[in-house]
Amino acid sequence: MVKLYKLHKFVGLFALLFLFNLAITGFFLDHKSWHFLYTIQFSHYPSSLKDYDKKLLQSYLVDGDTILVGSKKGLYLFNGKKFKKVSDISVNAIKKRDSEYLIAADQGLFLYKNSSLLPFALQGRAITALSVENDKVVAVIEKKEIALIDKNGSIKTYRATIPPKLYQDSITLSRFVRDLHYGRGLMTNFSLLINDYGALILAFLSLSGALIFILLQKKAKVAKRWIKAHANIVTFIAFVPLFTLALTGIFLDHAKGLSQFLHSVKIPFLILPPAYKNLSDDIWAIDLYKGKIYIGNRFGLFVTKDLKNYKLVSKGFVYRLIRDKKTLFISGMGSENRILQNGKVQELLAPHMFKDTFVYKGKRYYLTPSTDIALPDEKSITLYSILLGLHNGKFFSSWWIWINDLAAIALLILYLTGSIRWIARKRLFAVVHKHLL
0 MVKLYKLHKF VGLFALLFLF NLAITGFFLD HKSWHFLYTI QFSHYPSSLK DYDKKLLQSY
60 LVDGDTILVG SKKGLYLFNG KKFKKVSDIS VNAIKKRDSE YLIAADQGLF LYKNSSLLPF
120 ALQGRAITAL SVENDKVVAV IEKKEIALID KNGSIKTYRA TIPPKLYQDS ITLSRFVRDL
180 HYGRGLMTNF SLLINDYGAL ILAFLSLSGA LIFILLQKKA KVAKRWIKAH ANIVTFIAFV
240 PLFTLALTGI FLDHAKGLSQ FLHSVKIPFL ILPPAYKNLS DDIWAIDLYK GKIYIGNRFG
300 LFVTKDLKNY KLVSKGFVYR LIRDKKTLFI SGMGSENRIL QNGKVQELLA PHMFKDTFVY
360 KGKRYYLTPS TDIALPDEKS ITLYSILLGL HNGKFFSSWW IWINDLAAIA LLILYLTGSI
420 RWIARKRLFA VVHKHLL
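Quick note on numbering that gives the first Met the number 0: the sequence shown kicks off at 0 and runs consecutively.
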């Protein structure tokens, strides 16, 4: 017990700051729709993060002389010389409708017309995908609900219940690792809560562990009360999500080196968690064309006319759908890019996970953080980018992933030694209590 105590103490003292950093930054990064993550900005930051805000770009619309760019940082208009910020709403998509533009944002659906940004519909709801055809609008609310808006502004909402018989494919270990780490791989509606629980418990354990070490030097009685808070059933059962986060985090730290292995291992559909058996909360992209609604999710592209009967069009994770007349561009996540044209699906040679596509001066572009095109040039970066840099270690150095790996291993050691000591104390207490009776 004494040796376990010393091991627990020394490993904890080494890792507590690293673990606290991973817990807090991971918690906030899981909640990308929190607006303050983008409104709080910093003018001083490491040079390694200078392009991080480009990851926040979501949409790039070119319509003659009008160029609108949407980012989580806001909506921007190009005035011929530079970009001017129109609003700080967190934009997810921009679509043209006649001579005006509809903006899907985390704050609702907006209309940009005559140099003015006006509320359009679904205010206060996060609109994560959008498509427009003539006077009809289809929007996705928080990846869960589909809202159909007619020319009179009437709104009807639906759930896209796609029968599991249409998607029985296995997934790669690479996909499963990412889904688990990002809080979307276990149970619909609960995966993120489980991650939050693990992150908050880890932050508490880091702080309380440091406090116990300090108090044991001077105030042993107070320290004992904190030990009870530090080691109990609530913190004990957090081992499951924390073990998952630690292990998947190590895999993601070395995703490039382990790519072949992660993509070669297949997980059968039969044993996948419930999150993969119900795709109604997994709508990543949407498109409305000639009365048909195309829905993109983690298993592929599906089409429906009535939101009741569905047909599989193309297999593979659909990240974004961008319509250009008769051609539907399909951006893949961990799957190939492709286009749907005249009822046929063809592979598209384009950057992985492009967020938009557009034609500018006769050349087609695909929007990614590395796209060579005029972009809003702001000297500050968002709190979100700072947190991301702290979490993946790039804030400090490219080799910081090894520190994160050590922290993850330390977490497993701390839980093992802490659990053994906690169980031993419980048994000792039970024996003493029995003799006293």
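A virtual CB, placed ideally from N, CA and C, is assigned to each residue, including glycine.
A distance below 7 Å between beta-carbons, with the five flanking residues on each side excluded, links Ser379 to the following residues of its chain, in chain order: Gln40, Phe41 and Ser42. Leu18 and Lys289 have their C-alpha atoms spaced approximately 52 Å apart. Pairing Asp281 with Arg297 gives a Cβ-Cβ distance under 8 Å. In this model, Glu144 and Phe357 are separated by some 27 Å (Cα to Cα). DSSP places Val264 in the coil class of the three-state scheme, outside both helix and strand.
Residues of the same chain with a CB within less than 7 Å of the CB of Ile211, apart from the 5 flanking positions on each side, are Ala222, Trp225, Ile226 and His229 in chain order. For Leu60, the enclosing beta strand (DSSP E) begins and ends at Leu56 to Asp62. For Thr367, the secondary structure class from DSSP, reduced to helix, strand or coil, is coil. If you draw a straight line from the Cα of Leu67 to the Cα of Pro272, it is about 40 Å long. The DSSP-derived three-state label of Gly248 is helix. Collapsing the DSSP output to three states places Tyr75 in a strand. In this structure, Lys95 places its C-beta atom within 8 Å of the C-beta atom of Leu60. Its chain contains Leu121, Arg124, Ala125, Ile126, Thr127, Ala146 and Thr156 as the residues whose beta carbon lies nearer than 8 Å to that of Ile140, once the 5 sequence neighbours on both sides are disregarded; these appear in chain order. A distance below 6 Å between beta-carbons, with the five flanking residues on each side excluded, links Gly69 to the following residues of its chain, in chain order: Gln57, Ser58, Val90 and Ile93. Here Leu269 is exposed: its Cβ has fewer than 16 other Cβ atoms, across all protein chains shown, within 10 Å.
Ranked by Cα distance from Leu415, the options Lys324, Leu129, Leu74 and Val239 are led by Val239. Classified as buried, Phe353 has 16 or more neighbouring CB atoms from the shown chains inside 10 Å of its CB.
Cβ neighbours of Pro163 within its own chain (closer than 7 Å, five residues either side excluded): Lys276. Between the beta-carbon of Leu347 and that of Arg337 there is about 5 Å, and that keeps the pair under the 8 Å contact cut. Contact check for Ser190 against Ala274 passes: the beta carbons are separated by less than 8 Å. When C-alpha distances from Arg177 are compared across Thr187, Leu413 and Leu244, the shortest belongs to Leu244. Only residues of its own chain outside the window of five on either side were considered, and among them Ala14, Phe17 and Leu18 have a CB closer than 6 Å to the CB of Ala406, listed in chain order.
Per DSSP, Gln216 lies in no beta strand (DSSP E) segment; the continuous alpha helix (DSSP H) that holds it begins and ends at Ser190 to Lys217.
In this structure the stretch 396–411 lies against the stretch 245–257, because at least three pairs of beta carbons, one per stretch, are closer than 8 Å.
No Cβ-Cβ contact shorter than 8 Å links Leu48 with Tyr383.
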